[in-house]
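So the number in our numbering is just where the residue sits in the sequence shown, counting from 1, plus 339.
For reference, the structure is listed below as structure tokens.
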Amino acid sequence: MAWETGKQKLTREFADINQQLAEKEGYLDEGEAKLLLYKFLRENPSFACELFTGIKLFPFQHMAIKAMMESDYFLGIWSRGMSKSFSTGIFALLDAILHQGVQIGILSKSFRQSKMIFKKIEDLAKSPKATFFSQCITRTSKMNDEWVMEIGQSSIRALPLGDGEKLRGFRFQRMIIDELLLMPEKIYNEVIMPFLSVVDNPTERQEVYDLETQLIEKGKMKEEDRRKWPNNKIIGLSSASYKFEYLYKLYQQYEALILNENKQDGAHRTIMHFSYDCAPEQLYDQNLISQSRATMSDSQFEREFGAIFTDDSSGYFKVSKMAECTLPDGEGQSVEVIGNPKDEYILAFDPSWSESESSDDFAMLVIKLNRDMRKGTVVHSYGLAGANLKTHIRYMAYLLTHFNIVAVVGDYNGGVQFMNSCNESEIFKKFNLKLGTMEAELDKIPDYEKNLRKLKNQYNKGTKNFVFLRKPSSQWIRAANESLQAAFDHKKIFFAGAAMDDEYNNQRKASIPIKDLKFIKNDPNKNAGIGARMIDFVEHQKDMMDLIKVQCALIQITTSLQGTQSFDLPPNLRKQKGADKARKDSYSALVLGNWMMNIFYDMEDDRGAPMQNTFTPMFIS
Numbered sequence: 340m341a342w343e344t345g346k347q348k349l350t351r352e353f354a355d356i357n358q359q360l361a362e363k364e365g366y367l368d369e370g371e372a373k374l375l376l377y378k379f380l381r382e383n384p385s386f387a388c389e390l391f392t393g394i395k396l397f398p399f400q401h402m403a404i405k406a407m408m409e410s411d412y413f414l415g416i417w418s419r420g421m422s423k424s425f426s427t428g429i430f431a432l433l434d435a436i437l438h439q440g441v442q443i444g445i446l447s448k449s450f451r452q453s454k455m456i457f458k459k460i461e462d463l464a465k466s467p468k469a470t471f472f473s474q475c476i477t478r479t480s481k482m483n484d485e486w487v488m489e490i491g492q493s494s495i496r497a498l499p500l501g502d503g504e505k506l507r508g509f510r511f512q513r514m515i516i517d518e519l520l521l522m523p524e525k526i527y528n529e530v531i532m533p534f535l536s537v538v539d540n541p542t543e544r545q546e547v548y549d550l551e552t553q554l555i556e557k558g559k560m561k562e563e564d565r566r567k568w569p570n571n572k573i574i575g576l577s578s579a580s581y582k583f584e585y586l587y588k589l590y591q592q593y594e595a596l597i598l599n600e601n602k603q604d605g606a607h608r609t610i611m612h613f614s615y616d617c618a619p620e621q622l623y624d625q626n627l628i629s630q631s632r633a634t635m636s637d638s639q640f641e642r643e644f645g646a647i648f649t650d651d652s653s654g655y656f657k658v659s660k661m662a663e664c665t666l667p668d669g670e671g672q673s674v675e676v677i678g679n680p681k682d683e684y685i686l687a688f689d690p691s692w693s694e695s696e697s698s699d700d701f702a703m704l705v706i707k708l709n710r711d712m713r714k715g716t717v718v719h720s721y722g723l724a725g726a727n728l729k730t731h732i733r734y735m736a737y738l739l740t741h742f743n744i745v746a747v748v749g750d751y752n753g754g755v756q757f758m759n760s761c762n763e764s765e766i767f768k769k770f771n772l773k774l775g776t777m778e779a780e781l782d783k784i785p786d787y788e789k790n791l792r793k794l795k796n797q798y799n800k801g802t803k804n805f806v807f808l809r810k811p812s813s814q815w816i817r818a819a820n821e822s823l824q825a826a827f828d829h830k831k832i833f834f835a836g837a838a839m840d841d842e843y844n845n846q847r848k849a850s851i852p853i854k855d856l857k858f859i860k861n862d863p864n865k866n867a868g869i870g871a872r873m874i875d876f877v878e879h880q881k882d883m884m885d886l887i888k889v890q891c892a893l894i895q896i897t898t899s900l901q902g903t904q905s906f907d908l909p910p911n912l913r914k915q916k917g918a919d920k921a922r923k924d925s926y927s928a929l930v931l932g933n934w935m936m937n938i939f940y941d942m943e944d945d946r947g948a949p950m951q952n953t954f955t956p957m958f959i960s
């Protein structure tokens with residue numbers, strides 16, 4: 340562990356209170372005693388934490404919370420399992436109690452994650468040892484899109500990130516950002532940073548300033564003795580990221596401002612960089628460390644446990660390439676839970692029949708087409724293990740009825756049975772859905788155009804005869820993976836960004852059968868109202884975009900002695916068992932979807948036969 344103080348000057352709100360107390364003698368009246376206690380608690384978070392909650396902090400937690408209290412910008416790059424949410428929760432409750440009137444905002448990649456920090460604070464208040472803290476809470480409110488805890492004149496507020504307009508309407512003096520690596524640069528600069536310009540108690544500050552000016556003019560006070568008001572704060576915590584991502588850029592900015600005397604801007608910054616081996620032994624299950632080291636790639640373990648920024652992924656598909664194909668949040672195409680009827684979409688699926696939570700995911704994804712550019716954007720994804728067949732059929736029906744699907748592609752292995760089950764189900768009959776399959780040999784290059792025309796002759800959007808079940812031959816697997824890699828290289832396939840502002844509100848207000856859909860394995864809000872469920876659903880889609888990329892990054896290519904290439908998870912990951920094992924099913928669905936997109940465009944470009952859209956031939960006697 341290393342310690343670097345840097346070139347910054349720390350401006351304290353109070354003089355050294357511990358020294359003041361040591362110098363005190365004799366009797367203290369009640370008012371002076373209360374003021375000294377107040378100052379003492381501000382300066383000694385460990386004592387304050389134990390007093391209010393009964394919890395004894397580890398030394399590194401004390402250091403972190405102390406730094407959060409004293410710094411304007413705090414950046415914590417911590418190993419997984421280092422109690423990030425707990426530490427920020429302790430800071431929030433102490434700050435709210437000891438800085439009355441302060442407004443604290445909690446943001447994360449999803450509203451669900453923000454609420455987890457809020458829930459940590461709530462749980463602390465329920466402890467029998469936290470009587471003092473629970474007595475400080477004056478009101479708690481939980482709405483669909485906002486959770487609030489009021490502590491006297493202070494408030495702690497958890498909010499969804501997507502509703503930027505609502506965020507801009509608040510005046511926070513503290514912003515807590517969990518999983519900062521997932522915070523888009525645009526949102527950080529245009530939504531988060533402006534909060535720092537709004538000060539609390541501006542009237543009081545002006546009154547004190549005017550009084551100090553009078554005293555200075557009379558020679559009773561020096562200019563340098565003016566009261567030092569605390570600045571607003573940004574508290575950011577995260578695991579490490581790739582070096583090409585914004586978090587590393589921000590980390591470098593902080594480091595330069597801390598260490599370079601010529602770059603001081605009057606703000607005080609702290610970086611706390613903790614790997615797993617800096618943590619107390621009581622905090623970590625060593626078996627977890629050993630298992631993670633054995634089941635993760637070296638770079639993944641370094642980022643998530645070593646808190647080390649790494650260059651790029653080592654698999655067949657590079658994370659940096661996929662990042663270049665990811666549309667910025669709030670700019671361009673966003674994720675969708677309901678499609679635009681004027682747009683066209685391809686649906687790809689990789690089925691799994693097992694109902695075990697340790698099985699493969701049943702994966703589906705939707706690609707929005709751009710015919711003019713022969714490109715596509717993944718706008719929706721589904722991946723679920725352990726659910727029954729009816730759950731998957733219901734989700735398939737939802738996609739078919741809420742997106743203008745023009746083609747479906749699936750893995751032949753399990754796809755035939757799934758299509759039959761869908762067509763025979765009551766769910767499909769309810770919506771008058773029946774899918775028909777097309778067949779053609781498309782692997783033989785000399786016969787490709789002829790067989791493509793055969794496929795085109797079978798295609799009929801009106802009757803939904805547009806399903807192609809792909810047999811995964813070794814030749815096709817190689818060609819399809821190379822096609823996906825080329826799509827990343829030439830920016831032919833994109834990942835949608837998170838829904839923000841107006842698009843976020845449009846998506847979360849969409850009319851879909853959200854109560855009937857299961858989209859997450861252990862859903863804490865499954866019994867919540869429609870409004871809360873829709874927020875989770877829209878935000879979940881951004882998580883799914885990230886999941887697809889994570890799975891792609893894990894894929895490695897190997898070649899047998901016979902020259903056959905395989906694309907699969909690394910051997911150590913293939914051996915994993917249990918509900919949290921590594922999977923590749925969303926990647927497989929993307930390979931299928933990208934392949935089908937190109938086939939669809941080739942059918943469009945082929946003028947030899949018309950594509951059947953809505954007309955169905957019939958005999959009239």
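Cβ coordinates follow ideal geometry from the N, Cα and C atoms, glycine included.
Check                                                                                                                                                       : Outcome
By the three-class DSSP mapping on this structure, what secondary structure does T802 have?                                                                 : coil
Would you check whether the ligand NAD has a heavy atom nearer than 6 Å to the C-beta of K572?                                                              : Because no ligand of any kind appears in the structure shown, any question about the ligand NAD cannot be addressed here.
Measure the alpha-carbon distance for K881 versus K448 and round it to whole angstroms.                                                                     : 9 Å
By the three-class DSSP mapping on this structure, what secondary structure does C617 have?                                                                 : helix
Am I right that F413 and I574 are in contact with their C-beta atoms under 8 Å? What's the rounded C-beta distance?                                         : 5 Å
Kindly indicate which three-state DSSP category Q895 falls into: helix, strand or coil?                                                                     : strand
In chain order, which continuous runs of the alpha helix (DSSP H) of length 4 or greater are located wholly inside the region 672-741?                      : 728-741
Let me know the secondary structure DSSP gives T955 once reduced to three states.                                                                           : Reliability of the predicted coordinates at T955 is poor, the pLDDT of 44 falling under 50, and the value obtained from them is presented with this limitation in mind. It is coil, neither helix nor strand.
Let me check understanding here. Comparing Cα to Cα, which of D699, Q512, F770 and G715 lies closest to E732?                                               : Sequence check: residue 732 is Ile here, not Glu. Considering only alpha carbons, the answer is F770.
As a quick exercise: from V877, E878 and S631, pick the residue whose alpha carbon is nearest that of S321.                                                 : An answer regarding residue 321 cannot be provided, because it is not within the stretch 340 to 960 covered by the chain.
Below 8 Å on the Cβ atoms is my contact criterion, and I expect L446 with A387 to pass it. Report the Cβ-Cβ distance as a whole number of Å.                : Between A387 and L446 the Cβ distance is about 25 Å, and since that is not below 8 Å, they are no contact.
Please report how far the alpha carbon of A497 lies from the alpha carbon of D862, in whole angstroms.                                                      : 19 Å
Less than 6 Å between C-beta atoms, sequence neighbours within five positions excluded: which residues of the same chain meet that for V718?                : V674, E675, V705, K707 and A835
What is the rounded straight-line gap between the Cα of G491 and the Cα of V530?                                                                            : 27 Å
Can you list, in chain order, the residues of its chain whose CB lies under 6 Å from that of I766, leaving out five sequence neighbours each side?          : I732, R733 and A736
For the beta strand (DSSP E) containing S493, list its first residue and its last residue.                                                                  : S493 to A497
Between which two residues does the beta strand (DSSP E) holding Q901 run?                                                                                  : Premise fails: Q901 is in no beta strand (DSSP E) and is neither H nor E.
What is the rounded straight-line gap between the Cα of F954 and the Cα of T802?                                                                            : Note that F954 has pLDDT 47, beneath the 50 cutoff, so the model's placement of it is unreliable and no number is given.
In whole angstroms, give me the CA-to-CA distance for K454 and W486.                                                                                        : 7 Å
With respect to the beta strand (DSSP E) encompassing Y412, which residues constitute its N-terminal and C-terminal limits?                                 : Y412 to W417
Between T427, L912, M935 and S925, which has its C-alpha nearest D637's C-alpha?                                                                            : L912
Using a Cβ-Cβ cut-off of 7 Å (strictly less than) and excluding sequence neighbours within five positions of S695, which residues of its own chain qualify? : G725
Is the region 679-693 in contact with the region 926-933, if contact means three or more CB pairs nearer than 8 Å?                                          : yes
Would you decide whether K848 is buried or exposed? Buried here means 16 or more other CB atoms lie within 10 Å of its CB.                                  : exposed
Closer than 8 Å by C-beta to F939: which residues in its own chain qualify, once you throw out the five before and the five after it? Chain order, please.  : I685, L708, V745 and A746
Per DSSP, what kind of secondary structure is D434 in: helix, strand or coil?                                                                               : helix
Do you know whose CA, among I628, F757, S473 and S812, lies nearest K967's CA?                                                                              : The requested residue 967 does not occur in the structure, where the chain is confined to residues 340 to 960.
Tell me which residue opens and which closes the alpha helix (DSSP H) that P472 is part of.                                                                 : The displayed chain sequence assigns Phe, not Pro, to residue 472. Note, F472: alpha helix (DSSP H), T470 to C475.
Just the C-alpha distance for M936 and G917, rounded to the nearest angstrom, thanks.                                                                       : 34 Å
Classify R510 as helix, strand or coil using the three-state DSSP reduction.                                                                                : coil
Taking the alpha-carbon of D840 as reference, which of L506, Q442 and S426 has the nearest alpha-carbon?                                                    : L506
With burial defined as no fewer than 16 other Cβ atoms inside 10 Å of the residue's Cβ, what is the status of Y964: buried or exposed?                      : Nothing in the structure corresponds to residue 964, since the chain is present only between 340 and 960.
Are L791 and D945 close, meaning C-beta to C-beta below 7 Å?                                                                                                : yes
By Cβ distance below 7 Å, which residues in the same chain neighbour E504 in space, the five residues on each side in sequence not counted?                 : D840
For Q442, does the count of other Cβ atoms within 10 angstroms reach 16, so buried, or fall short, so exposed?                                              : buried
Would you call S494 buried or exposed, if buried means 16 or more other Cβ atoms sit within 10 Å of its Cβ?                                                 : buried
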